[in-house]
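Everything in the sequence shown is counted per our numbering, starting at 736 for the first residue and increasing by one.
Read through the structure below, which is laid out as structure tokens, and then see the notes.
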Amino acid sequence: MIKHISTGDGSSSLFVEELNETYHSIHGAIQESEHVFLKEGLDQLESDSISVLEVGMGTGLNVLLSCKYALQRKKTINFTTLEPFPIPEGLIPEINFPELMDDSSARTWFNQIHASQEESLTRINDYFSLNKVLKKAEEFQSEQKFDIIFYDAFGPHAQPELWEASVFKHLSKFMNLGGILVTYCAQGQFKRNLREAGFEVTRLPGPPGKREMTRAYFKGA
Ligand SMILES: C[S@@+](CC[C@H](N)C(=O)[O-])C[C@H]1O[C@@H](n2cnc3c(N)ncnc32)[C@H](O)[C@@H]1O
Numbered sequence: 736m737i738k739h740i741s742t743g744d745g746s747s748s749l750f751v752e753e754l755n756e757t758y759h760s761i762h763g764a765i766q767e768s769e770h771v772f773l774k775e776g777l778d779q780l781e782s783d784s785i786s787v788l789e790v791g792m793g794t795g796l797n798v799l800l801s802c803k804y805a806l807q808r809k810k811t812i813n814f815t816t817l818e819p820f821p822i823p824e825g826l827i828p829e830i831n832f833p834e835l836m837d838d839s840s841a842r843t844w845f846n847q848i849h850a851s852q853e854e855s856l857t858r859i860n861d862y863f864s865l866n867k868v869l870k871k872a873e874e875f876q877s878e879q880k881f882d883i884i885f886y887d888a889f890g891p892h893a894q895p896e897l898w899e900a901s902v903f904k905h906l907s908k909f910m911n912l913g914g915i916l917v918t919y920c921a922q923g924q925f926k927r928n929l930r931e932a933g934f935e936v937t938r939l940p941g942p943p944g945k946r947e948m949t950r951a952y953f954k955g956a
């Protein structure tokens, strides 16, 4: 059972009863995504053309924020997102991210993001296109190489198999050398697994309510 909840900054999130897990920080979903994936992620890349691979589309918050970011900064973003278990359609109108984003196009973008069909490139605005893949990270295959991975799986206590070195070794096949992986997680074993998979790991201050997060650079297998 998945339920809509409200987080500390007033933005929506979802709670999964079976896993006892929320999709975002309870301190603030938008606040967390902006910090981890925009400030410590996209902002670190200098190129005007960026390819993103996200693990776990969930509510589509990171997609939506990146879509607005692309338009505001005039950077072309090609965004591939993986989601084997899309959220129930009935929850989409309850999620309030578009209304909190100060952009009259945001609800249209949000609906397009959720309606986009699997593995067909959907152009959401002049700078942003989306490729939605309904596959697990462990099973993803691509000819493409990405500049940045948004690693937004449920935490290691809920889904330990998604934080093992084998998953990062697999995903690194689709990364450019020097490409970065960002995530809210800062668990010790996870960081050792990243190093084993060929990443250089840095610790950074986390979003409000969370001491640390991780940014890692792919140095080659
Ligand atoms: C923390 S939530 C995602 C948060 C999301 N980025 C958002 O903004 O709502 C984790 C997501 O990972 C998805 N997931 C679960 N197993 C997965 C797997 N093996 N590969 C990729 N995604 C997975 C879940 O269905 C869930 O939507």
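Glycine residues also receive a C-beta, built at the ideal position from the N, C-alpha and C atoms.
Burial state of residue i (16 or more Cβ within 10 Å)
i: D882; result: buried
i: G923; result: exposed
i: G825; result: exposed
i: K738; result: exposed
i: L754; result: exposed
i: E767; result: buried
i: E781; result: exposed
i: D887; result: buried
i: K926; result: buried
i: H770; result: buried
Sequence-distant residues of its chain with Cβ nearer than 8 Å to residue i (five each side left out)
i: L773; result: L800, S801 and Y804
i: R842; result: P833 and E834
Same chain, Cβ closer than 7 Å to residue i, five either side skipped, listed in chain order
i: G913; result: Y952 and F953
i: L788; result: T815, F881, I884 and F909
i: P819; result: L869, K870 and K871
i: F845; result: G795, L799, F832 and P833
DSSP bridge partner residues for residue i (one or two, in chain order)
i: V787; result: F814 and I883
i: L906; result: None; L906 has no bridge partner.
i: R950; result: V917 and T937
i: I765; result: None, per the DSSP bridge assignment.
Close Cβ partners of residue i (< 6 Å) along its chain, the five nearest in sequence each way excluded
i: L856; result: S864 and N866
i: S784; result: T811
Every unbroken alpha helix (DSSP H) inside the stretch 805-869 [4 residues or more]:
Here the runs fully enclosed are 841-850.
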